[in-house]
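Visitor: Input: one structure, supplied below.
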């Protein structure tokens, strides 16, 4: 049985990368806070975690539209007051949109709201808590598209470039305060979102959500003196 640890807040926890990371961190002893819009899907993740290991701390289900930054701030602070230290934040919520200049401006505004502004709000709330604690680890799930511009990928890519830029500033600002920030930049990950986005790769050819979970586990086990700004995950199939 893992020693009980503090809170691990995961956005986008109802499916895909977020759900896998949440389940893994719960198994590792953290009390996970599951954040996404769908209460029904969050409860499924909650139940799967509880079935998988009777010794886990019961996950906290928090149905929330993170674009409502005021409500998100209040809810997260309430959970912190009730349950204690926030050890980890995993920003995994995101939406995908294809194209570069093909969409109306309002659609671009919508994806920026979810992939950048909402993330800013969550980061602002959680870093305030971690600054008082003088410790914590923030993981931002960006994309390989945050590092390289791809044809017909400017809409999604620009949101991830923005998140990576914010994260790099926080990486440098927060390290002296005992707070580490790492941004994970994977290529195609074997998730429903990748399939809906039209990935040309087979399931087994893609990066697996467990690869991101195990990377987070590795980073958490490093000496506190080690800071890693970002990690790019590439598929072997996309290189050879």
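Numbering (the numbering used here), first residue to last: 13 to 252. Think of the CB as a built atom: it goes at the ideal place given N, C-alpha and C, for glycine as much as any other residue.
Which residue marks the beginning of the alpha helix (DSSP H) containing residue 132, and which one marks its end?
Guide: 130–145
Visitor: Just the Cα atoms here: how many angstroms apart are residue 247 and residue 105?
Guide: 22 Å
Visitor: Assign residue 92 to one of two classes, buried (16 or more other C-beta atoms within 10 Å of its C-beta) or exposed (fewer than that).
Guide: With 16 or more other Cβ atoms within 10 Å, it is buried.
Visitor: As an exercise, report each continuous beta strand (DSSP E) stretch of at least 3 residues that is fully enclosed by the segment 186–240, in chain order.
Guide: 191–198
Visitor: Tell me whether the segment 121–132 and the segment 36–54 touch, counting them as touching only if at least three CB pairs, one residue from each stretch, are closer than 8 Å.
Guide: With the cut-off at 8 Å, the segment 121–132 and the segment 36–54 do not touch.
Visitor: Just the Cα atoms here: how many angstroms apart are residue 69 and residue 62?
Guide: 8 Å
Visitor: Mind checking which residues open and close the beta strand (DSSP E) that includes residue 99?
Guide: 98–103
Visitor: What span of residues does the beta strand (DSSP E) with residue 149 cover, start to end?
Guide: 148–153
Visitor: Can residue 193 and residue 243 be called in contact, C-beta distance under 7 Å?
Guide: no
Visitor: Helix, strand or coil: how does DSSP classify residue 48 here?
Guide: DSSP places residue 48 in strand when its eight states are reduced to three.
Visitor: Does residue 52 pass the burial test, meaning 16 or more other C-beta atoms within 10 Å, or should it be called exposed?
Guide: exposed
Visitor: Three-state secondary structure (DSSP) at residue 68?
Guide: coil
Visitor: Can you tell me which of the three DSSP states residue 23 falls into?
Guide: strand
Visitor: Looking at residue 88: is its Cβ nearer than 7 Å to the Cβ of residue 139?
Guide: Their beta carbons are not under 7 Å apart, which means residue 88 does not touch residue 139 by this criterion.
Visitor: Using 8 Å as the threshold, is the segment 109–118 in touch with the segment 160–179, meaning 3 or more CB pairs across them?
Guide: yes
Visitor: Please list, in chain order, all residues of the same chain as residue 17 whose beta carbon is under 7 Å from its beta carbon, the five residues on each side excluded.
Guide: 41, 42 and 99
Visitor: Give me, in chain order, the residues of the same chain whose beta-carbon lies closer than 7 Å to that of residue 232; leave out the 5 immediate sequence neighbours on both sides.
Guide: 149
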